[in-house]
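Student:
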Amino acid sequence: GVNRQVLWRPEYGGYQIEATPGQPYGHNNEGNGDYFMHNLFNTVEENMKLRRREMYELLDEDEALICMTNYPRLGNEDISVPFYRADPLNSTTGSIFASDELTYTGHPRYIKTSENIFERRGRKTVANVPIFKDTKTPDPFIEIFNDKESSRAAKVDHIYLDAGVFGMGMCCLQ
18 GVNRQVLWRP EYGGYQIEAT PGQPYGHNNE GNGDYFMHNL FNTVEENMKL RRREMYELLD
78 EDEALICMTN YPRLGNEDIS VPFYRADPLN STTGSIFASD ELTYTGHPRY IKTSENIFER
138 RGRKTVANVP IFKDTKTPDP FIEIFNDKES SRAAKVDHIY LDAGVFGMGM CCLQ
């Protein structure tokens, strides 16, 4: 094949982009030590700059690249264009927060992963993240939900999450 400097792949979240170096870093460098490491860090930085340039070439004038760990407002309503509403009774995940449409549907692996998790557990995903308490946080912090399953699963002083997109939909530099 072609010797590419960047490889692009779909990711779990339809809003995510995965880019990896075309070759492992340091694949053609001999030696070790400080010089090798300095050169390796420069190679990583240059490859990251190239990835950004390639992404910006694909954006429309009114679009921007945002590098964040978490998709903005994930779990809230009206977060996508087009707008997708969570449908817990008819969705793959049963989530009250996240629509299945947030998952990348161009490859069967991602939807199937969500289906398999739900099927294996016999219930939707449950994650409770301890809340950061400041002077404005109610004590105790209790979330109220309109379904019994979420109400039972949610813990006091925690943020309740109920879909794989809250984990597999996170972004990072690996």
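Each residue of the sequence shown is one higher than the one before, counting from 18 in my numbering.
By construction, the Cβ of each residue, glycine as well, lies at the ideal position given by its N, Cα and C atoms.
The model shown is predicted, which means the values in this text are computed figures rather than measured ones.
#1: By the DSSP assignment, the beta strand (DSSP E) with Tyr177 in it spans what residues?
#2: Can you confirm whether the region 110-118 touches the region 130-144 when touching is taken to mean that 3 or more C-beta pairs between the two stretches lie within less than 8 Å?
#3: Identify whether Gly31 lies in helix, strand or coil by the three-state DSSP scheme.
#4: Have a look at Glu35, Arg21 and Glu28 and flag the residue whose alpha-carbon is nearest the alpha-carbon of Gly123.
#5: Going by the DSSP bridge assignment, what does Pro147 pair with across the sheet?
#6: Take Glu80 as the anchor and find which of Tyr127, Ile148, Val98 and Val23 has the nearest alpha-carbon.
#7: Closest by CA to Pro41, which one among Gln22, Ile128 and Val146?
#8: Just how far apart, CA to CA, sit Arg68 and Thr152?
#9: Output the residue ranges of the alpha helix (DSSP H) runs that lie fully inside the region 67-152 and measure 4 residues or longer, sorted by chain position.
#10: From what residue to what residue does the beta strand (DSSP E) around Arg26 run?
#11: Using DSSP with H/G/I as helix, E/B as strand and the rest coil, what is Thr60?
#12: Just confirm the distance between the C-beta atoms of Gly181 and Ser131, as a whole number of angstroms; I'd bet it's less than 8 Å.
#13: Per DSSP, Ala170 is paired with what?
#14: Comparing alpha-carbon positions, which option in Val61, Leu82, Gly92 and Lys66 lies nearest Tyr177?
#15: Verify whether the separation of the beta carbon atoms of Ala171 and Asn145 is less than 8 Å.
#16: Please say whether Tyr127 and Tyr88 have beta carbons closer to each other than 8 Å?
Tutor: Reading from the atomic positions:
#1: To locate residue 177, count along the sequence shown from 1; it is residue 160. Element bounds for Tyr177: His175 to Leu178.
#2: yes
#3: Locating residue 31 in the sequence shown gives position 14, where the first residue counts as 1. Correct three-state label for Gly31: coil.
#4: Position 106 of the sequence shown, counted from the start, is the residue given in the question as residue 123. Nearest C-alpha to Gly123: Glu28.
#5: Here residue 147 corresponds to residue number 130 of the sequence shown, with the count starting at 1. Its beta-bridge partners are His175.
#6: Your numbering for residue 80 matches position 63 in the sequence shown. Per the Cα distances, Val98.
#7: In the sequence shown, the residue the question calls residue 41 occupies position 24. The shortest C-alpha separation from Pro41 is found at Gln22.
#8: As a first step, residue 68 is located in the sequence shown; it is residue number 51 there, counting from the start. As a first step, residue 152 is located in the sequence shown; it is residue number 135 there, counting from the start. In a straight line, the C-alpha of Arg68 is about 41 Å away from that of Thr152.
#9: 125-138
#10: On the sequence shown, residue 26 is found 9 positions in, with the first residue counted as 1. Here the beta strand (DSSP E) through Arg26 covers Val23 to Arg26.
#11: Residue numbering aside, residue 60 sits at position 43 when the sequence shown is read from its first letter. Helix.
#12: By one-based count along the sequence shown, residue 181 stands at place 164. By one-based count along the sequence shown, residue 131 stands at place 114. The Cβ separation is near 5 Å, so the contact holds.
#13: Residue 170 sits at position 153 when you count from the first residue of the sequence shown. The partner list for Ala170 (beta bridge, DSSP) is empty, contrary to what the question assumes.
#14: Looking up residue 177 in the sequence shown gives position 160. Of the candidates Val61, Leu82, Gly92 and Lys66, the one whose C-alpha sits nearest the C-alpha of Tyr177 is Gly92.
#15: Translated into positions along the sequence shown, residue 171 becomes position 154. Translated into positions along the sequence shown, residue 145 becomes position 128. Cβ distance < 8 Å, so Ala171 and Asn145 count as in contact.
#16: Looking up residue 88 in the sequence shown gives position 71. Looking up residue 127 in the sequence shown gives position 110. The answer is no: Cβ separation not under 8 Å.
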